[in-house]
Amino acid sequence: MEQILPLIETGKLPLPTLPSVAQEILQANKGDNLTTESLGHLIEQDPAITAHLIKIANSPLVGCSTEVTDLKTAIGLFGVLYCSQLAISLALKQLFRARHSVVAELIQKTWEDCSQVAGLCLVMAKSYSINPGSAYLAGLLHKIGALPILRWLDEQPELALSHAEILQLLEQHQGTLAEQLLDDWCFPTALCAIPHTYNNLNFSGHQNDQSQASSADLVAAAYHFVSSPSDIQWPDGAVLDRLGLTPDEMPEKMQHWQSLTG
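First residue of the sequence shown: 1, per the working numbering; consecutive thereafter.
Here it is in structure tokens:
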């Protein structure tokens, strides 16, 4: 703790670099310069992401009637915005690797938790006027603040912290670190706020119209569902109000959405 805490508290903990493919897509997206052709050229730099996008395009969740065999067709199927956000999400996975067994276990669990929330958000978005790619990316990023801590610990010659101490560090500091990291990566402001609200079903909302559901609401509901016992009571609150659902309706609705994640 003595080494890492001062780094966190002074804002000097090294932040991981966003993979270049994701950086370039974000930059092009900001200038509204993304087309099917230009996005394809960017994604083709990473064969693993290309292959994964084609695999997703052929998954039952997408429900395409003919086999997708090339990237251009996959982009046409998803749309440029959705596909760009999926590509960024796939690039992020490359950062979730570790050498130390304790850190590797935690970093894998973090990725799995984020992926589960993201998958639910993707399905839930189709019931609201929310871009599925934006919702999926929001779900993946809700615990991204764990990454700087876990990667720093993994780079140390010896791991001096116990599993419980690492969990305590993550709980106390991942929200602030997530905001720093997403700001450093130039993600939109709405996404930067999600790590502060994902575990709060009563936050006031990120939209100008606070009666309208947003990706942040989907993340909060999905996180509550996957991190709680199946018989947990859903509290009434602002998130459920924006989703247009009551506490009694939520368990069945979430189970239905989960069944669609494949």
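All C-beta atoms, glycine included, are put in the ideal place defined by N, C-alpha and C.
Computed from a predicted structure; not experimentally measured.
Legend entry - DSSP state of Val-102 mapped onto helix, strand, coil: Residue mapping note: residue 102 aligns to position 102 of the sequence shown, counting from 1. In this structure, Val-102 counts as helix in the three-state DSSP scheme.
Legend entry - Residue of Pro-251, Leu-170, Ile-144, Glu-9 minimising C-alpha distance to Leu-263: Shown here, the chain extends from 1 to 262; a query on residue 263 therefore has no answer.
Inset, instruction - Check whether the Cβ atoms of Pro-19 and Ala-104 sit closer than 7 angstroms, and answer yes or no. - result: For the purposes of this step, residue 19 is taken as the residue at position 19 of the sequence shown. For the purposes of this step, residue 104 is taken as the residue at position 104 of the sequence shown. Contact flag unset, no.
Inset, instruction - Just the C-alpha distance for Ile-88 and Leu-153, rounded to the nearest angstrom, thanks. - result: Walking along the sequence shown from the start, residue 88 turns up at place 88. Walking along the sequence shown from the start, residue 153 turns up at place 153. Cα to Cα, the separation comes out at about 25 angstroms.
Legend entry - Residue from Val-123, Asp-236, Leu-95, His-163 whose Cα sits closest to the Cα of Leu-147: Here residue 147 is taken as the residue at index 147 of the sequence shown, counted from 1. Among Val-123, Asp-236, Leu-95, His-163, the Cα nearest to that of Leu-147 is on Leu-95.
Legend entry - Cα-Cα separation between Leu-137 and Leu-161, rounded to whole angstroms: By 1-based counting over the sequence shown, the position of residue 137 is 137. By 1-based counting over the sequence shown, the position of residue 161 is 161. Looking at the two C-alpha atoms, the distance is approximately 31 angstroms.
Inset, instruction - Grab the span of the alpha helix (DSSP H) containing Ser-20 for me, first residue to last. - result: By one-based count along the sequence shown, residue 20 stands at place 20. Per DSSP, the continuous alpha helix (DSSP H) segment holding Ser-20 begins and ends at 20-30.
Legend entry - Gln-258 to Ala-213 span [Cα, whole Å]: Residue mapping note: residue 258 aligns to position 258 of the sequence shown, counting from 1. Residue mapping note: residue 213 aligns to position 213 of the sequence shown, counting from 1. The alpha-carbon atoms of Gln-258 and Ala-213 are separated by roughly 19 angstroms.
Inset, instruction - Examine the ligand SAH and report whether any of its heavy atoms sits within less than 6 angstroms of the Cβ of Gln-156. - result: Absence of the ligand SAH is noted for the structure shown, with no ligands found whatsoever.
Inset, instruction - Compute the Euclidean distance between the alpha carbons of Gln-168 and Ala-178, then round it to the nearest angstrom. - result: For this step, residue 168 is matched to residue 168 along the sequence shown. For this step, residue 178 is matched to residue 178 along the sequence shown. Distance between the alpha carbons of Gln-168 and Ala-178 is about 16 angstroms.
Inset, instruction - Specify whether the segment 125-134 and the segment 59-66 touch according to this definition: at least 3 beta carbon pairs, one from each stretch, less than 8 angstroms apart. - result: Contact fails: fewer than three Cβ-Cβ distances are below 8 angstroms.
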